[in-house]
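Its first residue numbered 591, the sequence shown is counted upward by one per residue in our numbering.
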Amino acid sequence: MWRAWGLRTRLLAAFVLLSVVTTIAVAGIGYRSARTTILQKAQDSAVVELENRIQQVYPLRVGGLTSGDLGTLAGEISGRADSAVVISGNGTGGNPDVQTLITPELKEIVDGGRVGWQRVDAGGQTALLIGTQLRVTTTESHQTRPSGITVYVLQGLAAESASIAELARNAWLTGAGAFVLALLLALAAARSVLGPVRELRSAAHRLGEGDLDTRLTVRGTDELAAVAKTFNATAESLQNHVAELERLEADARRFVADVSHELRTPLAAMTAVTDVLESEVAGLPEIAGRAVRLVSQETHNLTRLVNDLIEVTRFDSGSASLALDDVDVADALVATLRARGWAEEIQTELPAGIRARLDPRRLDVVVANLVGNALRHGATPVRLGLSAAEGWVKIEVTDEGPGLNEEVLPHVFDRFYKADTARTRSEGSGLGLAISWENAKLHGGTLTAANRPGGGAAFTLRLPVAGGAG
591 MWRAWGLRTR LLAAFVLLSV VTTIAVAGIG YRSARTTILQ KAQDSAVVEL
641 ENRIQQVYPL RVGGLTSGDL GTLAGEISGR ADSAVVISGN GTGGNPDVQT
691 LITPELKEIV DGGRVGWQRV DAGGQTALLI GTQLRVTTTE SHQTRPSGIT
741 VYVLQGLAAE SASIAELARN AWLTGAGAFV LALLLALAAA RSVLGPVREL
791 RSAAHRLGEG DLDTRLTVRG TDELAAVAKT FNATAESLQN HVAELERLEA
841 DARRFVADVS HELRTPLAAM TAVTDVLESE VAGLPEIAGR AVRLVSQETH
891 NLTRLVNDLI EVTRFDSGSA SLALDDVDVA DALVATLRAR GWAEEIQTEL
941 PAGIRARLDP RRLDVVVANL VGNALRHGAT PVRLGLSAAE GWVKIEVTDE
991 GPGLNEEVLP HVFDRFYKAD TARTRSEGSG LGLAISWENA KLHGGTLTAA
1041 NRPGGGAAFT LRLPVAGGAG
């Protein structure tokens, strides 16, 4: 749950939680200490005041209290205190309600000759109940002794309660202020931490999209500055490696282009010679005839490979262009099949009247590659279909073969890719489908491969009727 929150939320929560706990602890301890001090001071003052009252009203004297003295004492103390009661063996004087608040523990302390006190609830208000035992001086020895007369005084703590309430209110206000301050500090701290993190995320995103010039501004010498330095060093290293790879790739393409062009002239001569020899093969011995046909076939294969490499280098250099013409697509497809002797092998569904602005030569290359690929690697019947809708021409080539393996589909249009890696030699160059895909792209169209639900592969070419940009 905690990790599901964002970093900003976690930082804010941690700061606020720490500040709340600290504020509550400090305010609570301060409130408790101040409350104890206020009540202790009030308690001490009340005890001293009671002793002074008793001394004024009933100073130590020789002999005991008469019944008249007992009434006078009760009246005097009752008059000066909030409420008071005087208890002796002969009776009780003063407020009898005070007597109901006396606890056994307090009575035991007072009866033992000590001054006792206790905070009690008197009518919903906190009050202080103080008890003491009067002492008298004996006539014979002039020593003091307990008189058996106890005095209990109930003194209200309204002023002290108001002070404590004000203290609690101030503690809450202080806590609220501290909470707001902590929240503001948390926001500032989170911004100072998350700002560079967001900048790093944005820079990493730009770098991932190919902007290799992306760099971070290094501020300060803390951990975030170290991360920024590391990012910049990584980006620079990546940029250098990519530049080196691009240079090597450009050198390789230039080499392929140069070699291909250099081979065209001798291959043209070889092709002419093998064509002449092949026309005379009937008059040659059988072994010589087989050799001529083999040389002729390999020469044609090599010529086709060189031509494919030259075409690929044109795509890479951006020099490939379209020679658009108003084409009857059905007639163009039929011409492609007839030129290669496939007219009788392919089942066609080519409605007449579909016209589009296309490059006839490049259309011929694409269709020939797709149909030839189906004949070599699929199974009959191979079908060639044509349709048009919403400004697009769709040409589909299907077969009844085993289809394409799932691991082959993502790479079927890659250059030099062959599904069967054990076949080191084959009639194809491994460039036919790649060139077809580039031609479709050059027209502003698409070429896709998929498996048919009933079995077999399906290659679909979609081209705009109005013609591509070239």
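Every residue gets a Cβ at the ideal spot worked out from N, C-alpha and C, and that includes glycine.
Here's the rule: buried if 16 or more other CB atoms are within 10 angstroms of the residue's CB, otherwise exposed. What is Leu974? Residue numbering aside, residue 974 sits at position 384 when the sequence shown is read from its first letter. Counting every other CB atom within 10 Å of its CB across the protein chains shown gives Leu974 a total of 16 or more, marking it as buried.
Between the stretch 836-845 and the stretch 809-825, can you find at least three pairs of beta-carbon atoms closer than 8 Å? Because the criterion of three Cβ pairs below 8 Å is not met, the stretch 809-825 and the stretch 836-845 do not touch.
The beta strand (DSSP E) with Asn995 in it runs from where to where? Taking the first residue of the sequence shown as position 1, residue 995 is located at position 405. Where Asn995 is concerned, there is no enclosing beta strand (DSSP E), given that its DSSP letter is neither H nor E.
Evaluate Thr690 with the Cβ neighbour count: other Cβ atoms within 10 Å of its Cβ, from every protein chain shown; 16 or more gives buried, anything less gives exposed. On the sequence shown, residue 690 is found 100 positions in, with the first residue counted as 1. Exposed is the call here.
Less than 8 Å between the C-beta atoms of Leu923 and Leu976, yes or no? Sequence index remark: in the sequence shown, residue 923 carries index 333 (1-based). Sequence index remark: in the sequence shown, residue 976 carries index 386 (1-based). A Cβ-Cβ contact shorter than 8 Å links Leu923 with Leu976.
Quick check on DSSP: helix, strand or coil for Asp1097? Because the chain spans 591 through 1060 in this model, residue 1097 falls outside it and cannot be assessed.
Could you check whether Gly991 and Gly968 sit closer than 8 Å to each other, using their CB atoms as the reference points? The sequence position of residue 968 within the sequence shown is 378, counting from 1. The sequence position of residue 991 within the sequence shown is 401, counting from 1. A distance below 8 Å separates the beta carbons of Gly968 and Gly991.
Leaving out five residues before and five after Val817 in sequence, what residues of the same chain have Cβ atoms less than 7 Å from its Cβ? Counted from its first residue, the sequence shown places residue 817 at position 227. Here the set comprises Leu790.
Any contact between the stretch 608-621 and the stretch 750-761? By contact I mean 3 or more CB pairs, one from each, below 8 Å. Below 8 Å, enough C-beta pairs join the stretch 608-621 and the stretch 750-761 to call them touching: three or more.
Decide yes or no for the touch test of the stretch 796-807 against the stretch 624-643: beta carbon pairs closer than 8 Å, at least 3 of them. These segments do not touch.
What residues match up with Leu965 in a beta bridge as DSSP calls it? Within the sequence shown, numbered from 1, the residue matching residue 965 stands at position 375. Leu965 is not bridged to any residue.
Between Ala978, Gly1020 and Gly1046, which has its C-alpha nearest Gln1052's C-alpha? Within the sequence shown, numbered from 1, the residue matching residue 1052 stands at position 462. First, the amino acid is wrong: residue 1052 is Arg here, not Gln. Nearest to Arg1052 by alpha-carbon distance, out of Ala978, Gly1020 and Gly1046, is Ala978.
Buried/exposed call for Ala1048, threshold 16 Cβ in 10 Å: Taking the first residue of the sequence shown as position 1, residue 1048 is located at position 458. Buried: at least 16 other Cβ atoms inside 10 Å.
Sort Leu927, Val956 and Ala910 by Cα distance to Leu940 and report the nearest one. As a working note, residue 940 is residue 350 in the sequence shown. Minimum Cα distance to Leu940 is reached at Leu927.
Is the stretch 767-783 touching the stretch 744-752 in the sense that three or more CB pairs, one from each, lie closer than 8 Å? Contact between the stretch 744-752 and the stretch 767-783 is absent, because fewer than three Cβ pairs lie under 8 Å.
Span of the beta strand (DSSP E) holding Asp916? By 1-based counting over the sequence shown, the position of residue 916 is 326. Taken as a continuous stretch (DSSP letters only), the beta strand (DSSP E) holding Asp916 covers Asp915 to Asp918.
Let me check understanding here. Comparing Cα to Cα, which of Asn1029, Val972, Thr988 and Asp915 lies closest to Pro1043? By 1-based counting over the sequence shown, the position of residue 1043 is 453. Ranking the options by Cα distance to Pro1043, first place goes to Thr988.
Assigned secondary structure, Asp949 (DSSP; H/G/I helix, E/B strand, else coil): Residue mapping note: residue 949 aligns to position 359 of the sequence shown, counting from 1. Looking at Asp949 - three-state DSSP - the assignment turns out to be coil, as it is neither helix nor strand.
What residues are listed by DSSP as bridge partners for Arg904? In the sequence shown, the residue the question calls residue 904 occupies position 314. According to DSSP, which records beta bridges pairwise, Arg904 is partnered with nothing at all.
If you draw a straight line from the C-alpha of Thr820 to the C-alpha of Thr903, how long is it? What you label residue 820 is simply residue 230 of the sequence shown in a count that begins at 1. What you label residue 903 is simply residue 313 of the sequence shown in a count that begins at 1. Using only the alpha carbons, I get a separation of about 38 Å.
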